[in-house]
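J.: Positions in the sequence shown are counted from 1; adding 172 to them yields our numbering.
A single structure is presented below for examination.
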Amino acid sequence: AATARAASESAFEQGRPTVELPRNEVIGAMIAAVATKAGLTTSNGEARRLAQGGGLRLNDAAVTDGAQLILEGDLTDGVLKLAAGKKKLVLVKAV
173 AATARAASES AFEQGRPTVE LPRNEVIGAM IAAVATKAGL TTSNGEARRL AQGGGLRLND
233 AAVTDGAQLI LEGDLTDGVL KLAAGKKKLV LVKAV
């Protein structure tokens with residue numbers, strides 16, 4: 173948890189793009205759907221394929237299943253860090 177907090181704080185300091193989504197659309201949702209809503213991918217299918225290839229990360233941890241559900245414990249101060257590939261990064265704030 174401490175490393176996730178440090179990662180989110182450093183990302184905020186670097187001016188990373190932040191997307192606000194309703195909490196009920198984040199908690200319990202598939203990671204592929206959240207990645208699409210956050211603008212990282214253009215479709216859920218693209219997000220699932222990216223995850224299968226190891227290119228989708230949640231809080232700096234690789235996700236291999238696009239159907240993985242996002243849980244309350246994945247949030248750090250109400251924020252998720254999602255990354256697609258090496259350069260596309262977005263912070264998702266659950267409001």
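All C-beta atoms in this analysis are idealised placements derived from N, C-alpha and C, irrespective of residue type, glycine included.
Because the structure is a prediction, the values reported are computed rather than measured.
Am I right that asparagine 216 and alanine 204 are in contact with their C-beta atoms under 8 angstroms? What's the rounded C-beta distance?
T.: Walking along the sequence shown from the start, residue 216 turns up at place 44. Walking along the sequence shown from the start, residue 204 turns up at place 32. Right, their Cβ atoms sit about 5 angstroms apart.
J.: Beta carbon of leucine 212, beta carbon of valine 262: below 7 angstroms?
T.: Indexing the sequence shown from 1 puts residue 212 at position 40. Indexing the sequence shown from 1 puts residue 262 at position 90. Yes, they are a contact pair.
J.: DSSP puts valine 262 in a beta bridge; with which residues?
T.: Position 90 of the sequence shown holds residue 262. Paired residue(s): Leu254.
J.: Please check the pair valine 274 and alanine 210, which I expect to be a contact at CB under 8 angstroms, by giving their CB distance rounded to whole angstroms.
T.: The question about residue 274 has no answer here: the residues shown for the chain are numbered 173 through 267.
J.: Which residues mark the beginning and the end of the alpha helix (DSSP H) in which valine 198 is found?
T.: Along the sequence shown, one-based indexing puts residue 198 at 26. Looking at the DSSP string, the run of the alpha helix (DSSP H) that includes valine 198 is 195-198.
J.: Give me the Cβ distance between alanine 266 and valine 191, rounded to the nearest whole Å; I'm assuming they're in contact under 8 angstroms.
T.: As a position in the sequence shown, residue 266 is number 94, starting the count at 1. As a position in the sequence shown, residue 191 is number 19, starting the count at 1. 10 angstroms between Cβ atoms; not a contact.
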